[in-house]
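Per my numbering, the sequence shown runs over residues 1369 to 1636.
Note that CB positions come from ideal geometry on N, CA and C, so glycine has one too.
These figures come from a predicted structure and were not determined experimentally.
The structure appears right after this line, and notes come after that.
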Amino acid sequence: STSTSRNTLDGLPVSEVLGCAIELWQNHEIDDDGLLEIAIKDIAYHIQMQTTEKQPTKGRSSFQPDANSSSSETTSLDIDVSDSNVGTNSGLSWPPKRGYDEMGPHKNRFNPRKDPTVLYLDITKLTFNLDDFLFRVERAKPLTIFDPVFEGVGSLTIKNVSLRLRIECRKEHLNRPDGEIEVPVMQLKELAVQLEKVKVDFKDTGADWLLNQVIKGFGEQITKIVKTSLKEVMNTQIHDALEQMNEHIEANPELMLKLLGITIDDLE
């Protein structure tokens, strides 16, 4: 119940984001799963911040159990961090570090005046494999009954795919019958898709060698087509998702502002 949850959290440090989520949960505006998801992300963010501040960049770290422990065994844990390179190739940041104040009592407060980024995704070195798919190649409009038709089994490999995505929170002016209003909106600021190579292999066609040689000769053009198509599809899907999200935000802008811990005047 609401009273039970309040009594349970008495005396415990609760971040501004988690506090807003608890209030929404108490008002039945989000369910248990929504509260749990926000709590996990918030706790993970604070752990990451503390680890970044306290973890040495070189040397070794050692842990020894308490001398008053009931265990008679002595245990130590040595961690070599001299060559640590975690998080340089890929990562997901929400909320992003750069948009948060680093000084003063509101250390973890989202500050869109510094950086309006609310979601940053950077993934590299992905490989996609599609094995043993069925295909058929023929003319769209056959000229004769002797036109060649190829059908069989193929495999597709897309190597070293990288994706970089950035979504920002901005302010938008909307005209209404009773006047102009200002609402927060989510906008796609950056979308970059790169891939190294697309490889297609055919088999069980009766002309495998011929088809594979043709595909090999057009490998560079196929890679460009796949990269362009992949980016267009992702761009369309992200814009559709953001459009739906912005419709919900427009209906209740104060909810999003409260969740981010800002006012509409903080946005540009």
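- Residue nearest to glutamate 1384 within the set Asp1400, Gly1402, Ala1407 is Ala1407 (criterion: CA-CA distance).
- Contact check between the region 1516 to 1530 and the region 1494 to 1502: three or more CB pairs, one atom from each, fall below 8 Å, which counts as touching.
- When Cβ pairs closer than 8 Å are counted between the two stretches, the region 1506 to 1517 is seen not to touch the region 1536 to 1543, the count staying below three.
- In the DSSP assignment, proline 1552 forms a beta bridge with Lys1539.
- Annotated as proximal: lysine 1626 and cysteine 1388, with beta-carbon spacing under 8 Å.
- The beta strand (DSSP E) runs lying completely inside the region 1545 to 1602 and spanning 3 residues or more are 1547 to 1562, 1565 to 1571, given in chain order.
- For glutamate 1519, the secondary structure class from DSSP, reduced to helix, strand or coil, is strand.
- Closest by C-alpha distance to threonine 1495, out of Met1417, Gln1562, Arg1481, Met1613, is Gln1562.
- Between proline 1621 and proline 1552, the beta carbon gap of about 6 Å places them in contact (Cβ cut-off 8 Å).
- Annotation for lysine 1509: no beta strand (DSSP E) segment contains it, and DSSP assigns it neither H nor E.
- Across the structure, threonine 1485 and isoleucine 1535 are spaced so that their CA atoms are roughly 6 Å apart.
- Residue environment: glycine 1587 is assigned as exposed (fewer than 16 neighbouring CB atoms within 10 Å of its CB, all protein chains considered).
- By the Cβ neighbour-count rule, tryptophan 1393 is buried, with 16 or more other Cβ atoms within 10 Å of its own.
- Annotation: isoleucine 1549 to alanine 1619 spans about 12 Å, alpha carbon to alpha carbon.
- Distances from the alpha-carbon of arginine 1532 to those of Asn1543, Ala1560, Ala1609 put Ala1560 closest.
- Check the Cα spacing between leucine 1489 and each of Lys1557, Trp1577, Asp1569: the tightest is with Lys1557.
- Assignment of asparagine 1395 by DSSP, reduced to helix, strand and coil, places it in the coil class.
- In the structure shown, the three-state DSSP call for asparagine 1479 is coil.
- In this chain, the alpha helix (DSSP H) harbouring proline 1621 covers 1621 to 1628.
- Pairing isoleucine 1491 with serine 1530 gives a Cβ-Cβ distance under 8 Å.
- For the pair lysine 1482 and threonine 1525, the CB atoms are not nearer than the 8 Å cut-off.
- Annotation: leucine 1598 to leucine 1579 spans about 24 Å, alpha carbon to alpha carbon.
- Put simply, of Gln1555, Glu1506, Lys1571, Asn1528 the residue whose alpha carbon is nearest the alpha carbon of glutamate 1564 is Asn1528.
- Rounded to the nearest angstrom, the Cβ distance from leucine 1635 to proline 1480 is 5 Å, consistent with a contact under 8 Å.
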